[in-house]
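Down below is the structure, laid out as structure tokens.
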Amino acid sequence: MSIDFTGKTALVVDDYHSMRVALKELLLSYNLRIIEAQNGLEGLEIIRKKKPDMVFTDIVMPVMDGLELCQEIKSDPELLNIPVVVLSTHSDAAYILKAIHNGADDYLPKPIEPGLLTKVLSRITDG
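Using my numbering, the letters of the sequence shown map in sequence onto residues 1 to 127.
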């Protein structure tokens, strides 16, 4: 299945540059424009200004973590329809449920597998 997101923008929020670069490379193959942020607070500022079509965020970050970012997005009437995918090395069910409870629309374990990314992109855009 090939998905083309020409004209759409994704925000990638992660405190590790190498993780942002890795995800950015994968997302570029779907023709997404990419914006990057190093923490949740920076990400929230970008979201409010640029209104990306989707957000991919790490959970554990300084300043504002990914769960707080999800809560902020989903509590803002202007932003709540932006799909948020959380990324983490934690893959146990309780951790995933916590992310969903905090507003995440989907979850991707790190390291990110391209096939799973395709499935998540399908879910968050076909909704």
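Glycine residues also receive a C-beta, built at the ideal position from the N, C-alpha and C atoms.
What's the gap between the Cα of MET61 and the Cα of GLY40? 7 Å
For a quick check, are the C-beta atoms of THR118 and LEU87 less than 8 Å apart? no
Would you kindly check if the distance between the Cβ of GLY66 and the Cβ of VAL12 is under 8 Å? no
Apply the 10 Å Cβ neighbour rule to ASP92 and answer buried if 16 or more other Cβ atoms are within range, or exposed otherwise. exposed
Euclidean distance between Cα positions of ASP106 and VAL84: 7 Å
May I have the straight-line CA-CA distance separating HIS101 from LEU80, to the nearest angstrom? 14 Å
Could you compute how far the alpha carbon of LEU97 sits from the alpha carbon of ALA104? 9 Å
Simplified DSSP state of SER122, which is helix, strand or coil: helix
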